[in-house]
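As structure tokens, the structure follows; a few thoughts come after it.
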Amino acid sequence: MKPIHPIAQAEMLVEVAIARVLSEFLSIEDLLRLVGEAARIAQQWPARSCVASPSAEAINETAALSELLAHRASRLVPGAQCLQRALAGRVWLARRGIASEIVVGFRKRGVLEGHAWLEVMSPDGLIELFNNADDGYRESFREVAA
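The sequence shown begins at 1148 in the numbering used here and counts up one residue at a time.
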């Protein structure tokens, strides 16, 4: 993996922090609607590294970088969890020309537990970020495309 540019790291940190603050005041439906709009706007100001049609390798590498940066950033933002990582990752990837979709699922292990993750469609197949396929979460709803 290439060295990670400090601006990319700072961008993700700001996006996770914004998602954390907004999640205190907005419902999940409003958050998903807002992040969809933010992703559309972010595509109008692409990152310098953005290419018109990224290759499968570039999509896979950028998606992995997004996951790494979101995990790092969430350690610095108190209370940031999977939903905030998915929200921030969605916008971060949109600035790089990569479409993604937020999915929310639940599992029952004594109590009902919720989890959010990001799905990226690559020519190599579906990439799930912030989710382990074996963790037992079942999709309940996903971001509605506008």
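Ideal Cβ positions, reconstructed from N, Cα and C, are used throughout, including at glycine.
Model, not experiment: these values are computed from the prediction.
Cβ pair count under 8 Å reaching 3, the region 1216-1235 against the region 1257-1265: yes
Alpha carbon of GLY1272 to alpha carbon of MET1159, nearest angstrom: Along the sequence shown, one-based indexing puts residue 1272 at 125. Along the sequence shown, one-based indexing puts residue 1159 at 12. Approximately 25 Å, taken between the alpha carbons.
Neighbourhood of GLY1226 by C-beta distance below 7 Å, restricted to the same chain and skipping five residues each side: For the purposes of this step, residue 1226 is taken as the residue at position 79 of the sequence shown. Excluding sequence neighbours, GLY1226 sits near ARG1167.
Cβ-Cβ separation, SER1247 to VAL1267 (assumed contact under 8 Å), whole Å: Position 120 of the sequence shown, counted from the start, is the residue given in the question as residue 1267. Position 100 of the sequence shown, counted from the start, is the residue given in the question as residue 1247. With 8 Å as the limit, VAL1267 and SER1247 qualify as a contact, their Cβ atoms being about 5 Å apart.
In chain order, each alpha helix (DSSP H) run of at least 4 residues that lies wholly inside the region 1226-1286: With a minimum length of 4 residues, the unbroken runs of alpha helix (DSSP H) contained wholly in the region 1226-1286 fall at 1229-1241.
Terminal residues of the alpha helix (DSSP H) in which ILE1154 lies: Start at 1 with the first residue of the sequence shown, and residue 1154 comes out as number 7. From DSSP, the alpha helix (DSSP H) with ILE1154 extends over 1153-1172.
Distance, TYR1284 Cα to LEU1303 Cα: Only positions 1148 to 1293 of the chain appear in the structure, and residue 1303 is not among them; the question remains open.
CB contact check: VAL1238 to chain B, cutoff 8 Å: Absent from the structure is chain B; it holds one protein chain and no more.
CB of GLU1290 within 8 Å of CB of LEU1169, strictly: As a position in the sequence shown, residue 1290 is number 143, starting the count at 1. As a position in the sequence shown, residue 1169 is number 22, starting the count at 1. The answer is no: Cβ separation not under 8 Å.
Whole-angstrom C-beta distance between ILE1245 and PRO1201, which should lie under 8 Å: Counting from one through the sequence shown, the residue named residue 1201 turns up at place 54. Counting from one through the sequence shown, the residue named residue 1245 turns up at place 98. Sure, about 6 Å apart at Cβ, within 8 Å.
ALA1241 and ALA1186 closer than 8 Å at C-beta: The residue given as residue 1241 occupies position 94 in the sequence shown. The residue given as residue 1186 occupies position 39 in the sequence shown. Going by C-beta atoms, ALA1241 is nearer than 8 Å to ALA1186.
Inter-residue spacing [alpha-carbon to alpha-carbon] between ALA1164 and GLY1236: As a first step, residue 1164 must be located in the sequence shown, where it is residue number 17. As a first step, residue 1236 must be located in the sequence shown, where it is residue number 89. Straight through space, the alpha carbons of GLY1236 and ALA1164 are spaced by roughly 12 Å.
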